[in-house]
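Engineer: One structure is given below, represented as structure tokens, and several questions about it will come after.
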Amino acid sequence: MSLNMKGIKEKSLIIVKPDGIQRGLIGEVIGRFENKGLKIVGLKMMSLDEVVLREHYAHHVDKPFFKSLANFMQSSPVIVLCVEGLNVVDAVRLVCGVTKAYAADPGSIRGDLAMSTACNVVHASDSVENAEKEVKRFFKEDELFDYDKAEYMHVYAEDER
Ligand code: CMP
Numbered sequence: 281m282s283l284n285m286k287g288i289k290e291k292s293l294i295i296v297k298p299d300g301i302q303r304g305l306i307g308e309v310i311g312r313f314e315n316k317g318l319k320i321v322g323l324k325m326m327s328l329d330e331v332v333l334r335e336h337y338a339h340h341v342d343k344p345f346f347k348s349l350a351n352f353m354q355s356s357p358v359i360v361l362c363v364e365g366l367n368v369v370d371a372v373r374l375v376c377g378v379t380k381a382y383a384a385d386p387g388s389i390r391g392d393l394a395m396s397t398a399c400n401v402v403h404a405s406d407s408v409e410n411a412e413k414e415v416k417r418f419f420k421e422d423e424l425f426d427y428d429k430a431e432y433m434h435v436y437a438e439d440e441r
């Protein structure tokens with residue numbers, strides 16, 4: 281039996297932002313999630329248009345930095361990832377570190393690889409509820425994969441799987 285309702289099927293949406301792409305950090309960033317033991321169930325490169333950015337950053341649309349955030353997010357393609365695992369939304373946020381990269385803990389992606397608030401390498405869903413919306417925003421149903429991962433025997437204990 282799983283420890284929470286979604287168990288190891290909880291999903292989170294991650295974006296490797298344009299700075300991550302341009303600085304050659306795609307492999308490094310994806311590797312950190314793989315090393316943590318998360319299952320990648322969706323992965324693609326895409327360009328973000330104004331419409332999707334206004335929806336994705338709806339809570340920031342009226343902020344003074346929105347225009348530069350939107351320009352930055354359109355400055356190159358991004359990688360979108362859907363990952364699955366136990367309490368994955370919280371786990372991914374810890375792996376990413378806090379938004380202000382200069383203050384992020386060493387060992388986190390932002391703490392180790394970035395200094396900026398906007399150019400902070402990754403976006404990650406901030407709640408289970410938002411993760412569900414964000415996964416649907418960036419992935420069609422047939423772009424998500426349900427498969428067994430052999431290493432789960434050693435990532436999770438029997439009562440967590
Ligand atoms: P993200 O996790 O994608 O969520 C919203 C993004 O807005 C955040 O990461 C930052 O990239 C950006 N952001 C938040 N606050 C600021 C700010 N004060 N100035 C510039 N960008 C910001």
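Note that the numbering used here gives residue 340 to position 60 of the sequence shown, counting from 1, and the numbers run on in steps of one. C-beta: ideal position from N, C-alpha, C; glycine also.
1. Which residues in the same chain as Pro298 place their Cβ atom closer than 7 Å to its Cβ, once the five residues preceding and following it in sequence are excluded?
2. Any chance you could list the alpha helix (DSSP H) runs of at least 4 consecutive residues sitting entirely within the stretch 313 to 342, in chain order?
3. State the DSSP-derived secondary structure class of Glu364, mapped to helix, strand or coil.
4. Taking Cβ positions, are Ala398 and Arg390 nearer each other than 8 Å?
5. Check whether the stretch 368 to 382 touches the stretch 300 to 308, taking contact to mean three or more Cβ pairs, one atom from each stretch, closer than 8 Å.
6. State the start and end residues of the unbroken beta strand (DSSP E) segment that holds Ser356.
7. So, does the stretch 310 to 325 touch the stretch 343 to 350, judging by three or more C-beta pairs under 8 Å?
8. For His434, which residues does DSSP report across the bridge?
9. Provide the residue span of the beta strand (DSSP E) that contains Lys291, from first to last.
10. Is the closest heavy atom of ligand 1 to the C-beta of Ala381 under 7 Å?
11. Sorry if obvious, but does the Cβ on Tyr436 come closer than 7 Å to a heavy atom of ligand 1?
12. Just mark Asn400 as buried or exposed, buried being the case when its beta carbon has 16 or more other beta carbons within 10 Å.
13. What is the rounded straight-line gap between the Cα of Arg334 and the Cα of Tyr427?
14. For Val372, which of helix, strand or coil comes out of DSSP?
15. For a minimum of 3 consecutive residues, which ranges assigned as the beta strand (DSSP E) are wholly contained in the stretch 369 to 412?
Structural biologist: Looking at the coordinates:
1. Numbered from 1 along the sequence shown, position 18 holds the residue referred to as residue 298. Here the set comprises Phe352, Met353, Ser355, Ser356, Val358.
2. For the stretch 313 to 342, the continuous alpha helix (DSSP H) assignments of 4+ residues that do not extend past its boundaries occur at 330 to 336, in sequence order.
3. On the sequence shown, residue 364 is found 84 positions in, with the first residue counted as 1. It is a strand residue.
4. Here residue 398 refers to the residue found at position 118 when the sequence shown is read from its first residue. Here residue 390 refers to the residue found at position 110 when the sequence shown is read from its first residue. Contact check for Ala398 against Arg390 fails: the beta carbons are separated by 8 Å or more.
5. Pairwise C-beta distances place the stretch 368 to 382 out of contact with the stretch 300 to 308, as fewer than three of them are shorter than 8 Å.
6. On the sequence shown, position 76 is the one that residue 356 refers to. Annotation: Ser356 is outside any beta strand (DSSP E) and is labelled neither H nor E by DSSP.
7. Fewer than three beta-carbon pairs drawn from the stretch 310 to 325 and the stretch 343 to 350 are found closer than 8 Å, and the two stretches are therefore not classed as touching.
8. Mapped onto the sequence shown, residue 434 falls at position 154. According to DSSP, His434 bridges with nothing at all.
9. Here residue 291 refers to the residue found at position 11 when the sequence shown is read from its first residue. Per DSSP, Lys291 belongs to the beta strand (DSSP E) from 291 to 296.
10. Taking the first residue of the sequence shown as position 1, residue 381 is located at position 101. No, ligand 1 has no heavy atom inside 7 Å of this Cβ.
11. The count along the sequence shown starts at 1 and reaches residue 436 at position 156. Answer for Tyr436: no, Cβ out of range of ligand 1.
12. Translated into the one-based positions of the sequence shown, residue 400 becomes position 120. Answer is buried; the Cβ neighbour count reaches 16.
13. As a working mapping, residue 334 is identified with position 54 in the sequence shown. As a working mapping, residue 427 is identified with position 147 in the sequence shown. One C-alpha to the other measures close to 33 Å.
14. Within the sequence shown, numbered from 1, the residue matching residue 372 stands at position 92. Assigned with DSSP and collapsed to three states, Val372 falls in helix.
15. Whole beta strand (DSSP E) segments, 3+ residues: 402 to 404.
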